[in-house]
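For the protein sequence lines, the chains are A and B, in the order given.
Its first residue numbered 596, the first sequence is counted upward by one per residue in the working numbering.
Its first residue numbered -10, the second sequence is counted upward by one per residue in the working numbering.
Beta carbons are placed, not taken as given, at the ideal position from N, Cα and C, and that holds for glycine.
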Amino acid sequence: DGGITQSPKYLFRKEGQNVTLSCEQNLNHDAMYWYRQDPGQGLRLIYYSQIVNDFQKGDIAEGYSVSREKKESFPLTVTSAQKNPTAFYLCASSIDRDNEQFFGPGTRLTVL
Amino acid sequence: SQKIEQNSEALNIQEGKTATLTCNYTNYSPAYLQWYRQDPGRGPVFLLLIRENEKEKRKERLKVTFDTTLKQSLFHITASQPADSATYLCALRGAGGFKTIFGAGTRLFVKA
């Protein structure tokens, strides 16, 4: 089955720790995205990648980092510099930037 | 600044009726507008895309209108069913650029 997967589903982090959220897609999509969703707010773009080895900052990139070494994979690292990391994180992909996005199931990160 | 507004109050309707959700935007000239469905704790699922030169688009029981003069889109679900209960997100993207802006969504409850 083609799709986009995220792991883990739930993640707990102690303050001061870096954590990495996984995102994999087998849809052969060029574009991939990371969003953060907080209650009562729309999805906010963290990072965007249009092609392998290229990525751009979104609106709230501070405290986050990404890599795009393979077309299928776009991991997100939440660093200790992110002051309020508790949120629902969504990864998405699209054929290109002009088409609809396919979302993964999300990772809920909680800082203890 | 660019802004998308969706009714933050939940919409409650009776099964079989038509649900109408509104998306208004300001300070933006979108090339196209999308609607997504999101169930609790899950990633959004794409429903429909309408371009700036299109007035209306239909898919099964779904209909979307796009009025660039009023800066508004209406999303209709006809013959609604309890299974349509979810949060519906409006999303806009401008020509060029890579960023899609999402609204906070409207929660729909369809009562049997």
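Chain A contact for ALA93(B) (CB, 7 Å cutoff): Position 104 of the second sequence holds residue 93(B). ALA93(B) counts as touching chain A.
Alpha carbon to alpha carbon, how far is SER688(A) from ASP598(A)? Give it in angstroms, no decimals. Residue mapping note: residue 598(A) aligns to position 3 of the first sequence, counting from 1. Residue mapping note: residue 688(A) aligns to position 93 of the first sequence, counting from 1. Inspection of the sequence shows that residue 598(A) is occupied by Gly rather than by Asp. Distance between the alpha carbons of GLY598(A) and SER688(A): 9 Å.
LEU685(A) and PHE698(A) look like a contact to me (Cβ under 8 Å); what is the Cβ gap, rounded to whole Å? Residue numbering aside, residue 685(A) sits at position 90 when the first sequence is read from its first letter. Residue numbering aside, residue 698(A) sits at position 103 when the first sequence is read from its first letter. Separation of the CB atoms of LEU685(A) and PHE698(A) is rounded to 6 Å, and the pair is thereby assigned contact status at 8 Å.
Under 8 Å by Cβ, that's how I've got SER69(B) and VAL99(B) pegged, so tell me the actual separation to the nearest angstrom. Taking the second sequence and counting its residues from 1, one reaches residue 69(B) at position 80. Taking the second sequence and counting its residues from 1, one reaches residue 99(B) at position 110. Beta-carbon to beta-carbon, SER69(B) and VAL99(B) are separated by about 5 Å, close enough to satisfy the 8 Å threshold.
Measuring CB to CB, does GLN23(B) end up less than 7 Å from ALA80(B)? Numbered from 1 along the second sequence, position 34 holds the residue referred to as residue 23(B). Numbered from 1 along the second sequence, position 91 holds the residue referred to as residue 80(B). Yes, Cβ-Cβ distance for GLN23(B) and ALA80(B) is below 7 Å.
Would you say the beta carbon of LEU97(B) comes nearer than 6 Å to a heavy atom of the ligand ZN? You won't find the ligand ZN in this model; it holds no ligand whatsoever.
Under 7 Å, Cβ to Cβ, is there at least one residue of chain A near GLY5(B)? Within the second sequence, numbered from 1, the residue matching residue 5(B) stands at position 16. Chain A contact via Cβ: absent.
I'd like to know if ARG31(B) contacts chain A, where contact means its C-beta is closer than 7 Å to some C-beta of that chain. Position 42 of the second sequence, counted from the start, is the residue given in the question as residue 31(B). At a cut-off of 7 Å between beta carbons, ARG31(B) contacts chain A.
For ILE90(B), which residues from the same chain have a beta carbon less than 7 Å from its beta carbon, with the 5 sequence-adjacent residues on both sides left out? Translated into the one-based positions of the second sequence, residue 90(B) becomes position 101. GLN(-9), ILE(-7), ALA80 and LEU81.
By how many angstroms is the C-alpha of LEU38(B) removed from the C-alpha of THR58(B)? Taking the first residue of the second sequence as 1, we reach residue 58(B) at position 69. Taking the first residue of the second sequence as 1, we reach residue 38(B) at position 49. For THR58(B) and LEU38(B), the gap between their C-alpha atoms comes out near 18 Å.
At what residues does the beta strand (DSSP E) containing PRO71(B) begin and finish? For the purposes of this step, residue 71(B) is taken as the residue at position 82 of the second sequence. Bounds of any beta strand (DSSP E) do not take in PRO71(B), whose DSSP letter is neither H nor E.
Any residues in the segment 629 to 648 of chain A with a beta carbon nearer than 7 Å to a beta carbon of chain B? Which ones, in chain order? Of all residues in the segment 629 to 648 of chain A, only GLY635, GLN636, GLY637, LEU638, LEU640, TYR643 and GLN645 come within less than 7 Å of chain B when Cβ atoms are compared, listed by chain position.
Checking contacts by CB at 7 Å: is LYS88(B) closer than that to chain A? Taking the first residue of the second sequence as 1, we reach residue 88(B) at position 99. At a cut-off of 7 Å between beta-carbon atoms, LYS88(B) makes contact with chain A.
Tell me whether the segment -2 to 12 of chain B and the segment 658 to 669 of chain A touch, counting them as touching only if at least three CB pairs, one residue from each stretch, are closer than 8 Å. No, the segment -2 to 12 of chain B does not touch the segment 658 to 669 of chain A.
Taking the beta strand (DSSP E) that THR615(A) falls in, what are its first and last residues? Mapped onto the first sequence, residue 615(A) falls at position 20. Judged by DSSP secondary structure, THR615(A) falls within the beta strand (DSSP E) whose first and last residues are 614 to 620.
With 7 Å as the limit, tell me which residues of the segment 37 to 52 of chain B have their beta carbon closer than that to any beta carbon of chain A; keep them in chain order. Listed by position, the residues of the segment 37 to 52 of chain B near chain A (Cβ gap below 7 Å) are LEU38.
Could you check how far apart the C-beta atoms of GLN632(A) and PHE683(A) are, in whole angstroms? I think they sit under 8 Å. Counted from its first residue, the first sequence places residue 632(A) at position 37. Counted from its first residue, the first sequence places residue 683(A) at position 88. About 4 Å separates the two Cβ atoms, so the contact holds.
Length of the line joining the Cα atoms of PRO634(A) and THR702(A): The count along the first sequence starts at 1 and reaches residue 634(A) at position 39. The count along the first sequence starts at 1 and reaches residue 702(A) at position 107. Rounded to the nearest whole angstrom, the C-alpha separation of PRO634(A) and THR702(A) is 14 Å.
Let me check understanding here. Comparing Cα to Cα, which of GLN677(A), ASP691(A) and LEU606(A) lies closest to ILE641(A)? Taking the first residue of the first sequence as 1, we reach residue 641(A) at position 46. Taking only the C-alpha atoms, the option nearest ILE641(A) is GLN677(A).
According to DSSP, ARG40(B) sits in a beta bridge with which residue or residues? For this step, residue 40(B) is matched to residue 51 along the second sequence. Looking at the DSSP assignment, ARG40(B) forms a beta bridge with TYR21(B).
Cα separation between PHE650(A) and ALA93(B)? For this step, residue 650(A) is matched to residue 55 along the first sequence. For this step, residue 93(B) is matched to residue 104 along the second sequence. When rounded, the separation of the alpha-carbon atoms in PHE650(A) and ALA93(B) is 25 Å.
Within 7 Å of any Cβ in chain A, is that where the Cβ of PHE35(B) sits? The residue given as residue 35(B) occupies position 46 in the second sequence. Interface residue, yes.
Host beta strand (DSSP E) of LEU59(B) (start-end): Here residue 59(B) refers to the residue found at position 70 when the second sequence is read from its first residue. For LEU59(B), no beta strand (DSSP E) segment is defined, and its DSSP state is neither H nor E.
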